[in-house]
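Trainee:
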Amino acid sequence: MSHGYKAVTWTPFKARFDRWMLAGIGLYLVVFIVVASATQPPGETFTPLQLGMRATGTLAFLMLTFILTIGPLARMTSRFKPFLFNRRHLGVATFTIALIHAALVLLWYHGFSDVNVFVSLFASNPRYDSIAGFPFESLGFVALVILAVMATTSHDFWNANLGPGLWKALHMGVYLAYAALIAHVALGALQSERDPLYLAAVGIAAGAVVLLHLISGFLASGAPTASADDGNWLEVGPFSDIPDDRARIIAPPGGERIAVFRSGGKIAAVSNVCRHQGGPLGEGKVVDGCITCPWHGFQYRMEDGQSPPPFTEKIATFKTKVEKGVVYVNAEPNPPGTPETPTDIEGSFA
Amino acid sequence: MKRVHRSAHRMVWFLLAPAIAAVLWLAITNRPGPLVNDTLPPSIITDEAPN
Chain A
1 MSHGYKAVTW TPFKARFDRW MLAGIGLYLV VFIVVASATQ PPGETFTPLQ LGMRATGTLA
61 FLMLTFILTI GPLARMTSRF KPFLFNRRHL GVATFTIALI HAALVLLWYH GFSDVNVFVS
121 LFASNPRYDS IAGFPFESLG FVALVILAVM ATTSHDFWNA NLGPGLWKAL HMGVYLAYAA
181 LIAHVALGAL QSERDPLYLA AVGIAAGAVV LLHLISGFLA SGAPTASADD GNWLEVGPFS
241 DIPDDRARII APPGGERIAV FRSGGKIAAV SNVCRHQGGP LGEGKVVDGC ITCPWHGFQY
301 RMEDGQSPPP FTEKIATFKT KVEKGVVYVN AEPNPPGTPE TPTDIEGSFA
Chain B
1 MKRVHRSAHR MVWFLLAPAI AAVLWLAITN RPGPLVNDTL PPSIITDEAP N
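For the protein sequence lines, the chains are A and B, in the order given.
Position 49 of the first sequence, counting from 1, maps to 49 under our numbering, and the rest follow consecutively.
Position 2 of the second sequence, counting from 1, maps to 2 under our numbering, and the rest follow consecutively.
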């Protein structure tokens with residue numbers, strides 16, 4: 001959160017996650033190289049460099065595919081929330097693997113001539129009008145540059161200085177990087193690999209990412225739109241429909257969404273947009289009396305929308321009321337950090 | 001997520017989905033056949049029995 005500067009904040013959970021991630025990466029590379037060495041077609045001998053190239057290339061593809069499925073899957077099941085919480089570390093690891101892949105490619109295919117490796121990369125194959133012979137390396141380069149920008153700006157320093165809106169827009173470039181990566185693989189490896197397994201793997205991966213994001217976009221647009229009465233009160237629904245320590249998200253006409261939380265017999269409403277990266281607070285839960293963002297764990301007190309000290313973030317609060325068991329929220333937001341006493345559910349029956 | 005980002009996200013995927021499908025389809029349908037070395041001359045050794 002906003003208190004002080006630390007290069008990387010490793011909580012015990014994040015440290016454990018990173019150890020498992022590094023172990024998984026190492027295991028994949030070793031297994032790939034051992035299996036590929038043992039199953040080489042007769043008459044072909046791959047050098048260690050070529051094996052490393054293939055192992056890192058396939059791993060970067062699989063990791064980026066997995067990263068892009070985390071967001072939509074976390075919206076559908078809470079089992080993926082821990083991955084959402086650690087997605088940035090996965091992203092930086094993916095960029096590092098992709099960078100190693102690119103370095104091996106440059107070394108093996110372009111490093112043995114007098115020509116600069118980058119000139120060789122872009123000028124040795126000018127067949128941009130061909131599909132089967134397309135210089136697919138350039139597409140991989142585009143994806144790598146986007147991943148580099150994202151990895152470099154992944155730290156909260158950049159999020160704080162660029163602002164959450166611009167930072168988020170910049171990091172949506174990952175979708176373009178994935179499209180470039182699919183084209184890189186389809187016009188490269190899939191042109192020479194005859195094994196249908198590769199084709200099926202790429203097709204399933206791309207299909208899963210596209211479908212999950214389309215479904216997720218559809219689900220995200222499904223928050224009930226409430227209409228306000230004369231007093232600007234929006235009906236949220238029966239309090240019994242809101243699970244304890246969770247929220248119901250409603251969309252006021254023309255405004256940002258509101259997250260209405262229920263916790264310990266009380267109702268409180270805040271803006272659904274986290275100050276950190278715009279995460280959907282209403283998909284998070286109440287932990288130790290604080291609304292906790294599902295993306296990176298930023299917290300806000302239910303009673304005033306302020307992060308607990310020493311942190312300084314604030315979000316808008318809203319007036320709430322409960323009448324005959326039905327929750328209402330006032331569509332007019334209070335200034336961020338304004339105290340607003342949570343409504344007592346029991347009191348509504350008095 | 002802010003409304004503007006939700007809209008941008010939906011728009012990006014409605015554009016990228018057909019683009020990715022088109023690239024995959026073009027790549028698959030234009031794959032070269034198995035490599036055949038047609039630069040070699042026809043076989044000069046035959047199994048025909050000598051007269």
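Using N, Cα and C, we set each Cβ at its ideal position, and we do this for glycine too.
Just so you know, these numbers come straight off a predicted model, no measurement behind them.
#1: Among A:Lys266, A:Tyr300, A:Ile267, A:Gly265, whose alpha-carbon lies nearest the alpha-carbon of Leu281 (chain A)?
#2: Pick from A:Leu144, A:Phe157, A:Ser124: whose alpha carbon is nearest that of Gly57 (chain A)?
#3: At a cut of 8 Å, does the stretch 183-195 of chain A reach the stretch 14-27 of chain B through at least three beta carbon pairs?
#4: Since Val270 (chain A) is in the beta strand (DSSP E), which residue starts that stretch and which ends it?
#5: Go through its chain and collect everything with a Cβ distance to Leu64 (chain A)'s Cβ below 7 Å, but skip five positions before and after it.
#6: Measure how close the beta-carbons of Ile25 (chain A) and Ile97 (chain A) come, nearest whole angstrom, since I'm counting them as under 8 Å.
#7: Please classify Val115 (chain A) as buried or exposed, where buried requires at least 16 neighbouring CB atoms within 10 angstroms.
#8: Just confirm the distance between the C-beta atoms of Leu84 (chain A) and Trp295 (chain A), as a whole number of angstroms; I'd bet it's less than 8 Å.
#9: Go to Gln191 (chain A), then tell me how far its alpha helix (DSSP H) extends in each direction, as first and last residue.
#10: Locate the beta strand (DSSP E) running through Pro238 (chain A), then write down its first and last residues.
#11: Quick check on DSSP: helix, strand or coil for Gln299 (chain A)?
#12: Hey, Arg275 (chain A) and Ile315 (chain A) are a contact pair by Cβ (cut 8 Å); roughly how many whole angstroms apart?
#13: With 16 as the cutoff for other CB atoms within 10 Å, does Val286 (chain A) come out buried or exposed?
#14: Cβ of Thr320 (chain A) within 8 Å of Cβ of Thr343 (chain A)?
#15: Based on the DSSP secondary-structure assignment, which residues constitute the bridge partners of Phe285 (chain A)?
#16: Specify, as a first and last residue, the run of the alpha helix (DSSP H) that Glu137 (chain A) falls within.
#17: So which of A:Val105, A:Leu106, A:Ile146 has the shortest CA-CA distance to Gly91 (chain A)?
#18: Quick one: what's Tyr328 (chain A) bridged to in DSSP?
#19: Roughly how many whole angstroms lie between the Cα atoms of Lys2 (chain B) and Phe14 (chain B)?
#20: Using the C-alpha atoms, what's the distance from Glu303 (chain A) back to Gly140 (chain A)?
#21: Would you check if the stretch 229-238 of chain A and the stretch 329-338 of chain A touch, i.e. whether three or more CB-CB distances between them fall below 8 Å?
#22: Beta-carbon of Glu137 (chain A) versus every beta-carbon of chain D: anything under 8 Å?
#23: Is the CB of Leu214 (chain A) under 8 Å away from at least one CB in chain B?
#24: With which residues is Ile258 (chain A) paired in a DSSP beta bridge?
#25: Answer yes or no: do Phe239 (chain A) and Ile131 (chain A) have a C-beta to C-beta separation smaller than 8 Å?
#26: Does any residue of chain B have a CB that is nearer than 8 Å to the CB of Gly325 (chain A)?
#27: As a quick exercise: from A:Leu219, A:Leu199, A:Gly52, A:Gly254, pick the residue whose alpha carbon is nearest that of Leu106 (chain A).
#28: Looking only at C-alpha atoms, which of A:Asp156, A:Ala269, A:Arg246 sits nearest to Pro252 (chain A)?
#29: Could you compute how far the alpha carbon of Leu211 (chain A) sits from the alpha carbon of Phe46 (chain A)?
#30: Quick check for students: name the residue ranges of the alpha helix (DSSP H) that lie wholly in the stretch 19-57 of chain A, counting only runs of 4 or more.
#31: Could you check whether Asp244 (chain A) and Ser263 (chain A) sit closer than 8 Å to each other, using their CB atoms as the reference points?
#32: Taking the beta carbon of Gly340 (chain A) as the centre, do at least 16 other beta carbons fall within 10 Å, making it buried, or is it exposed?
#33: Which of the three DSSP states is assigned to Pro336 (chain A) in this structure?
#34: What are the residues that DSSP puts in a beta bridge with Pro280 (chain A)?
#35: Look up Ser263 (chain A) in the DSSP assignment and give the residues it is bridged to.
Mentor: Reading from the atomic positions:
#1: The residue you call residue 281 (chain A) lines up with position 281 of the first sequence. Of A:Lys266, A:Tyr300, A:Ile267, A:Gly265, the residue nearest in Cα terms is A:Tyr300.
#2: Numbered from its first residue, the first sequence carries residue 57 (chain A) at position 57. Ranking A:Leu144, A:Phe157, A:Ser124 by Cα distance to Gly57 (chain A) puts A:Leu144 first.
#3: yes
#4: Along the first sequence, read from residue 1 onward, the residue named residue 270 (chain A) stands at position 270. Here the beta strand (DSSP E) through Val270 (chain A) covers 266-271.
#5: What you label residue 64 (chain A) is simply residue 64 of the first sequence in a count that begins at 1. These residues qualify, in order along the chain: Thr94, Tyr178, Leu181.
#6: Taking the first residue of the first sequence as 1, we reach residue 25 (chain A) at position 25. Taking the first residue of the first sequence as 1, we reach residue 97 (chain A) at position 97. That belief holds up - the Cβ atoms of Ile25 (chain A) and Ile97 (chain A) are roughly 7 Å apart, short of 8 Å.
#7: As a position in the first sequence, residue 115 (chain A) is number 115, starting the count at 1. So Val115 (chain A) ends up on the exposed side.
#8: Position 84 of the first sequence, counted from the first residue, corresponds to residue 84 (chain A). Position 295 of the first sequence, counted from the first residue, corresponds to residue 295 (chain A). About 6 Å separates the two Cβ atoms, so the contact holds.
#9: Your numbering for residue 191 (chain A) matches position 191 in the first sequence. Run containing Gln191 (chain A): 189-192, per the alpha helix (DSSP H) assignment.
#10: As a first step, residue 238 (chain A) is located in the first sequence; it is residue number 238 there, counting from the start. Start and end: 233-238.
#11: Taking the first sequence and counting its residues from 1, the one referred to as residue 299 (chain A) is at position 299. Looking at Gln299 (chain A) - three-state DSSP - the assignment turns out to be strand.
#12: Here residue 275 (chain A) refers to the residue found at position 275 when the first sequence is read from its first residue. Here residue 315 (chain A) refers to the residue found at position 315 when the first sequence is read from its first residue. With 8 Å as the limit, Arg275 (chain A) and Ile315 (chain A) qualify as a contact, their Cβ atoms being about 6 Å apart.
#13: For the purposes of this step, residue 286 (chain A) is taken as the residue at position 286 of the first sequence. Its Cβ being crowded by 16 or more others within 10 Å, Val286 (chain A) is buried.
#14: The residue you call residue 320 (chain A) lines up with position 320 of the first sequence. The residue you call residue 343 (chain A) lines up with position 343 of the first sequence. A contact, by the Cβ cut-off of 8 Å.
#15: Position 285 of the first sequence, counted from the first residue, corresponds to residue 285 (chain A). Contrary to the premise, residue 285 (chain A) reads as Lys rather than Phe in this sequence. DSSP, once it has assigned bridges, lists A:Thr292 as partnering Lys285 (chain A).
#16: What you label residue 137 (chain A) is simply residue 137 of the first sequence in a count that begins at 1. Glu137 (chain A) -> alpha helix (DSSP H) spans 137-152.
#17: As a position in the first sequence, residue 91 (chain A) is number 91, starting the count at 1. Ranking A:Val105, A:Leu106, A:Ile146 by Cα distance to Gly91 (chain A) puts A:Ile146 first.
#18: Within the first sequence, numbered from 1, the residue matching residue 328 (chain A) stands at position 328. A:Glu235, A:Lys321.
#19: Position 2 of the second sequence holds residue 2 (chain B). Position 14 of the second sequence holds residue 14 (chain B). Whole-angstrom Cα-Cα distance: 19 Å.
#20: Locating residue 140 (chain A) in the first sequence gives position 140, where the first residue counts as 1. Locating residue 303 (chain A) in the first sequence gives position 303, where the first residue counts as 1. Approximately 49 Å, taken between the alpha carbons.
#21: yes
#22: Considering every chain present, this structure includes no chain D. Its protein chains are A and B.
#23: Sequence index remark: in the first sequence, residue 214 (chain A) carries index 214 (1-based). It does; some Cβ of chain B falls within 8 Å.
#24: What you label residue 258 (chain A) is simply residue 258 of the first sequence in a count that begins at 1. Looking at the DSSP assignment, Ile258 (chain A) forms a beta bridge with A:Ile250, A:Ser271.
#25: The count along the first sequence starts at 1 and reaches residue 239 (chain A) at position 239. The count along the first sequence starts at 1 and reaches residue 131 (chain A) at position 131. Their beta carbons are not under 8 Å apart, which means Phe239 (chain A) does not touch Ile131 (chain A) by this criterion.
#26: Working through the first sequence from its first residue, we reach residue 325 (chain A) at position 325. Judged by the 8 Å Cβ criterion, Gly325 (chain A) is not in contact with chain B.
#27: Sequence index remark: in the first sequence, residue 106 (chain A) carries index 106 (1-based). The shortest Cα separation from Leu106 (chain A) among A:Leu219, A:Leu199, A:Gly52, A:Gly254 belongs to A:Gly52.
#28: In the first sequence, counting from the first residue as 1, residue 252 (chain A) sits at position 252. Closest by alpha carbon: A:Ala269.
#29: Looking up residue 211 (chain A) in the first sequence gives position 211. Looking up residue 46 (chain A) in the first sequence gives position 46. Going by the C-alpha atoms only, they are around 36 Å apart.
#30: none
#31: Sequence index remark: in the first sequence, residue 263 (chain A) carries index 263 (1-based). Sequence index remark: in the first sequence, residue 244 (chain A) carries index 244 (1-based). Result yes, Cβ atoms of Ser263 (chain A) and Asp244 (chain A) sit closer than 8 Å.
#32: Taking the first residue of the first sequence as 1, we reach residue 340 (chain A) at position 340. In the sequence on display, residue 340 (chain A) carries Glu and not Gly. Buried, because 16 or more other Cβ atoms sit within 10 Å of the Cβ of Glu340 (chain A).
#33: Mapped onto the first sequence, residue 336 (chain A) falls at position 336. DSSP places Pro336 (chain A) in coil when its eight states are reduced to three.
#34: Taking the first sequence and counting its residues from 1, one reaches residue 280 (chain A) at position 280. In DSSP, Pro280 (chain A) forms a bridge with A:Val273.
#35: Residue 263 (chain A) sits at position 263 when you count from the first residue of the first sequence. BP columns for Ser263 (chain A) point to A:Lys266.
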